[in-house]
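Some notes on the structure that comes next.
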Amino acid sequence: MREEAPRAVTTICRALEEQIEHGLLPSGSKLPAERKLSELFDTTRITLREALGQLEAQGLVYREERRGWFVSPPRLAYNPLVRSHFHAMVGEQGRVPATEVLSARLMPANAEICQLLALPALSSVYQIRRARRIDGRLVLYVEHYLNPAYFPGILGFDLTRSLTELYEREYGVRYGRVRFDMVPTALHSEAAAALKVALGSPALRIVRVNRDQHGRLIDCDLEFWRHDALHVSVEVPE
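Set out below in structure tokens:
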């Protein structure tokens, strides 16, 4: 039995990979229920889930809580050197973006945000929490932290739109120098709930610290991307 299980996992992975590669299981399509797949491959649910877990780690399939397994769509190309925003970046690649505001409030800044924005202790910041979709699929949970001194009254605007465009239109603020930090991570409870995946699912955490055209630290973003949603591609100019 111990030798049969690894062989069964390999067989399932190869079969599903082949179906996906040849377009028989198209991008975004839902896989049959685990019970049906177990019957099809004449195996246990435990073995099937191990195979699906391996395919998920490769970015070929993904799971949503209470919805089942799906074939992963193409990854979004992400170039940190290109000045853009989520809706523009997604639209330029022929995909459909959407943003949902989860919460927006004035709150005390924690130690990490104070350090990122060079704020003194016990400072207040605007926190805007958003979930973002590509072609209807939840791919990004992001927490924006804004220095309220530069954006009075911003919570009264439509925050499903681009903050980049809102800054320039309403406040005359444009992004200047930006710092990026990227690290693989596991989703914490709020991010996992927003993306409708299991707690601890793999993700890419991107922290953006933004200055404006005058060099002032104005905001920072804590982004949590599904690990299979993004392809980071950078071409360094001469």
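My numbering numbers the first residue of the sequence shown as 551 and each following residue consecutively.
For each residue, glycine too, the CB sits at the ideal point set by N, CA and C.
Relative to the Cα of glutamine 665, the nearest Cα in the group Ile562, Asp769, Pro752, Pro556 belongs to Asp769.
The three-state secondary structure of phenylalanine 620, taken from DSSP, is strand.
For threonine 714, the closest alpha carbon among the candidates Leu610, Leu669, His635 is that of His635. Nearest to glutamate 740 by C-alpha distance, out of Ala671, Asp708, Phe774, Arg719, is Phe774. Within its own chain, the residues whose Cβ lies closer than 7 Å to the Cβ of proline 698, once the five positions on either side in sequence are excluded, are Leu656, Ser674, Val675, Tyr676, listed in chain order. Taking a cut-off of 8 Å on C-beta distances, the stretch 748 to 762 does not touch the stretch 581 to 601, as fewer than three cross pairs fall below it. Judged by beta-carbon spacing, leucine 610 lies within the 9 Å limit of isoleucine 570, meaning their Cβ atoms are closer than that value. If one requires a minimum length of 4 residues, the alpha helix (DSSP H) runs lying completely within the stretch 606 to 657 are 636 to 642, in chain order. Secondary structure note for alanine 736: its beta strand (DSSP E) is the uninterrupted segment 725 to 736.
Following the DSSP letters along the chain, one finds tyrosine 691 in no alpha helix (DSSP H) but inside the beta strand (DSSP E) bounded by residues 687 to 696.
Around the beta carbon of asparagine 629, fewer than 16 other beta carbons lie within 10 angstroms, which makes this residue exposed. Between the stretch 731 to 738 and the stretch 676 to 688 there are fewer than three C-beta pairs closer than 8 Å, too few to call the two in contact. Rounded to the nearest whole angstrom, the C-alpha separation of serine 622 and glycine 686 is 12 Å. Under the 10 Å beta carbon count, asparagine 760 is surrounded by 16 or more other beta carbons and is classified as buried. DSSP, read as helix, strand or coil, puts valine 747 in coil. At least 9 Å separates the beta-carbon of arginine 617 from that of leucine 602. Cβ-Cβ distances below 6 Å link alanine 648 to Arg683 in the same chain, with the five nearest sequence neighbours on each side left out; the list follows chain order.
In the DSSP assignment, arginine 585 falls within the unbroken alpha helix (DSSP H) covering 584 to 590.
Secondary structure note for arginine 755: its beta strand (DSSP E) is the uninterrupted segment 752 to 762. In the DSSP annotation of this structure, the continuous segment of the alpha helix (DSSP H) that includes glutamate 718 starts and ends at 713 to 721. Between glutamate 720 and phenylalanine 707, the beta carbon gap of about 7 Å places them in contact (Cβ cut-off 8 Å).
Taking a C-beta distance under 9 Å as the contact criterion, glycine 765 and glycine 726 qualify as a contact pair.
Less than 9 Å divides the Cβ of alanine 659 from the Cβ of tyrosine 695.
In the DSSP assignment, alanine 661 falls outside any beta strand (DSSP E) and within the unbroken alpha helix (DSSP H) covering 661 to 666. Contact between valine 728 and arginine 758 holds: CB atoms are separated by about 6 Å, below the 8 Å threshold.
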